[in-house]
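Residue 242 in this note's numbering sits at position 246 of the sequence shown; the count goes up by one each step and never skips.
For every residue, glycine included, the Cβ atom is placed at its ideal position computed from N, Cα and C.
None of the values given here were measured: they were computed from a predicted structure.
Heads up, the thing below is written out as structure tokens.
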Amino acid sequence: MEDFCRFVMVTLLMIISGALPSCLSQTTRRFEFNVKWKTVTRLCHTKSLLTVNGEYPGPTIAVHEGDNVEIKVTNHIAQNTTLHWHGIKQLRTGWADGPAYITQCPIRGGKTYTYKFTVIDQRGTLWWHAHHSWQRASVYGAFIIHPHMPYPFSVPVQDEFPIIFGEWWNGDVDSVESEMMKYGGGPAISNAYTINGLPGPFYNCSNKDTLVKTVEHGKTYMLRIINAALNDELFFAVANHTLTVVEIDAVYTKPFKTKAIMIAPGQTTNVLLTANQVPDSSGMFLMAAWTYLTSVFPFNNSTTAGFLQYKNPKTTEHTSEHPKKVTTFDPVMYNFPQMEDTKYYTKFSDNLRSLHSPQYPCNVPKTIHKRIVTVISLNLQDCPANKTCKGYAKKSFYASMSNQSFVRPAVSILESHYKKLKRSQYSTDFPEKPRRPFDYTGVDPLTENMNTEFGTKIIQVPYGTNLEIVLQGTSFLNVENHPIHVHGHNFFIVGKGFGNFDVSKDPAKYNLVDPPERNTVAVPSGGWAAIRIKADNPGVWFIHCHLEEHTSWGLASGFLVQNGHGPTQSLLPPPKDLPSC
């Protein structure tokens, strides 16, 4: 009862301070999540799959803008777990953010933790997932925030449904991760991609596990698209249909039409689709997701697919109730982008712009207090004596930001910060620029010394700092598109390009009017992206690549936002049921 009273008091303070509009309803929506195993069969392989409430994908959380949210999570497995509400800003409630050893210690087997937060000034499609080891391979679901105002679209939306991409391994995912980390090699690739947990007809023994969504001719649908795949960026398209992009990462965009989207792990995209085509006798149109390839590493070269089935097609033929039988997929057949079509992706990305309307302004910081240039790269570590390494040249793969490979501490960083623990296992001396500049994207991918340093270094900034972070890719091992996710804040992608960032020239070309606002940026392959953040959320926030293998290898850091003035600019005390280490 004491925790709930404090929760209500904080909400009232936010209304008084203007952080939360008083016109929004103050409903508290409660959910119960039980993390447990369930027997699931896909591709004729049956295994125990980690789930929430026995559902795969997990249950959808649907709330309204301004709601208080309480999610009681009970861990019914022997292993530790945590859950993360991806894209929720967690204003002053960092204890509810979820990444293990960053904002909390894990929920132990048999224990319970209730995540409490308020959805403030956010609306649209986000998602939730496990944030401990590789558990998010199957523990994920949609997080939908219904707006309190009508959609700012000229076309009325008559229905909606989620499209969630994932990956399926026939074997045990924990073993994939542990084998990768033990021997330093790349992970075993997944056996299938999935749409809403179903692989679709292009895989053996999977025709019955195909998503079929029924639509009516003439109606407009909103597809809430989420990439929950662990290690792959994906293209997505629907045969013979045009998609209109209207939102990314729960932020409205200037609408634009496209035949296909590219969506990186961690990102969400809402598109409008009007069912205005005349189908064949099956009444079905293919919808498919396939790899956007920027890496030389082994990858899952397959396609997950489902179908749109017209309920009342403009034809006298009978409409089938079963998935259409198809055996092969070639993007060229449908005039879709091929998997290495970086030119198509770049044009698509360039079309993304914030709506920037009076109702939904684009509040990009026009000036900055601090610029940090960080080099994101893969690494190749020398193999220690008496150890077997299975990476390239019998070394171990790692990854880093500014040659710092992130190591999670034994006690969460947020707890160490809040309690001012003298023996904290982190430091705030993350380098603000490369110590030795070099030709980042032109360096030989194999001959240079790629050993990294290990530690828990993060950035620290005062409350209210206008922070710019330039994410500079490299050609170590290979150039690659990296989806970088920032917790606790949205940011604005003010600039991006190929090659090396030039501080004397590139900032002059920034978009400071209507840049896209996101929580996850796909840093161009062999290039860079500049993001601006208003650091107005006190706490400790994880920054990491959303390719899970890269996070495991250390491509991560974080930033600490100090308290500002008074209670409304300060981190709340930890809840009483916060898990202990």
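(message) Below 8 Å on the Cβ atoms is my contact criterion, and I expect PRO628 with HIS542 to pass it. Report the Cβ-Cβ distance as a whole number of Å.
(response) One cannot answer for residue 628 here, as it falls past the ends of the chain, which runs -3 to 577.
(request) With a 10 Å radius around its C-beta and 16 neighbouring C-beta atoms as the bar for buried, classify ALA389 as buried or exposed. (result) exposed
(request) Below 7 Å CB to CB, which residues in the same chain sit around VAL292 once its five sequence neighbours on both sides are set aside? (result) ASN474
(request) Starting from the C-beta of ASP378, find all residues in its chain whose C-beta is less than 7 Å away, skip the five residues before and the five after it, and write them out in chain order. (result) LYS391, ASN447
(request) Note down, in chain order, each residue of its chain lying with its Cβ closer than 6 Å to the Cβ of TYR356, except the 5 sequence neighbours on either side. (result) TYR248
(request) Please list, in chain order, all residues of the same chain as ALA225 whose beta carbon is under 7 Å from its beta carbon, the five residues on each side excluded. (result) PHE161, GLY162, GLU163, TYR189, PRO261
(message) Quick test of your reading: GLY50 and LYS34, contact by CB under 8 Å. State the CB separation rounded to the nearest angstrom.
(response) 5 Å
(request) Reducing DSSP to helix, strand and coil, say where PRO251 ends up. (result) strand
(request) Check each candidate in SER350, LEU463, ASP228, PHE488 and name the one with the smallest Cα separation from ASN297. (result) ASP228
(request) Could you check what DSSP says for TYR97 in three-state terms: helix, strand or coil? (result) coil
(request) Assuming GLU428 and ILE368 form a contact by the criterion Cβ under 8 Å, report the distance between their Cβ atoms to the nearest whole angstrom. (result) 5 Å
(message) Could you tell me the alpha carbon to alpha carbon distance between THR299 and VAL322, rounded to whole angstroms?
(response) 12 Å
(request) Using the Cα positions of LEU45 and ALA133, report the straight-line distance between them to the nearest angstrom. (result) 9 Å
(request) Tell me where the alpha helix (DSSP H) around THR216 begins and ends. (result) Counting along the chain, THR216 falls outside any alpha helix (DSSP H), though it belongs to the beta strand (DSSP E) covering 216 to 223.
(request) Label ARG432 either buried or exposed according to how many other C-beta atoms from any shown protein chain fall within 10 Å of its C-beta, with 16 as the threshold for buried. (result) exposed
(message) On a Cα-Cα basis, can you pick out the residue from ILE454, PHE344, TYR147 that is closest to LEU551?
(response) ILE454
(request) Please name the residue in GLU544, VAL509, GLN456, TRP549 whose C-alpha comes closest to that of ASN533. (result) GLN456
(request) Could you tell me whether the region 81 to 98 touches the region 400 to 418, where touching means 3 or more Cβ pairs closer than 8 Å? (result) yes
(message) Using CA atoms only, rank isn't needed, just tell me which of THR37, ASN71, ALA138, VAL360 is closest to PRO102.
(response) ASN71
(message) So the candidates are HIS546, GLY535, ILE489; which of them puts its Cα closest to the Cα of HIS478?
(response) HIS546
(request) Report yes if the CB atom of PRO441 is closer than 8 Å to the CB atom of PHE393, and no otherwise. (result) no
(message) Can you list, in chain order, the residues of its chain with a C-beta nearer than 6 Å to that of PRO570? Leave out the 5 residues immediately preceding and following it.
(response) TRP91
(message) Tell me which residues share the same chain as GLY83 and place their Cβ nearer than 7 Å to its Cβ, disregarding the 5 neighbours each side in the sequence.
(response) LEU122, ASP245, ALA246, ASN515
(request) Can you grab the Cα-Cα spacing for the pair TYR208 / ILE191, in whole Å? (result) Note that residue 208 is Val in the sequence shown here, rather than Tyr. If you take the alpha carbons of VAL208 and ILE191, they lie about 10 Å apart.
(message) For ASN76 and THR363, what's the separation of their Cα atoms in angstroms?
(response) 43 Å
(request) Using a threshold of 8 Å, state whether the C-beta atoms of LEU39 and ASN187 are closer than that. (result) yes
(message) For SER396, list the residues DSSP reports as bridge partners.
(response) SER373
(request) Could you tell me whether the region 235 to 242 touches the region 256 to 272, where touching means 3 or more Cβ pairs closer than 8 Å? (result) yes
(message) Considering only their Cβ atoms, is the gap separating ALA233 from PHE281 smaller than 8 Å?
(response) no
(message) At the level of alpha carbons, what is the spacing between ILE372 and ALA126?
(response) 24 Å
(request) May I have the straight-line CA-CA distance separating ALA138 from LEU219, to the nearest angstrom? (result) 12 Å
(request) Quick one: measure Cβ to Cβ for LYS215 and ASP155, integer angstroms, because I've assumed they're closer than 8 Å. (result) 6 Å
(request) Please report the residue range of the alpha helix (DSSP H) in which LYS343 lies. (result) 338 to 346
(message) Looking only at its chain, what residues have a beta carbon closer than 6 Å to the beta carbon of GLU513, apart from the 5 residues adjacent to it on each side?
(response) VAL247, SER350, ASN486, PHE488
(message) Can you tell me whether TRP635 is helix, strand or coil according to DSSP?
(response) Outside the shown range of the chain (-3 to 577) lies residue 635, about which nothing can therefore be said.
(message) Going by C-alpha to C-alpha distance, which of GLY181, PHE198, PRO380 sits closest to GLY302?
(response) PHE198
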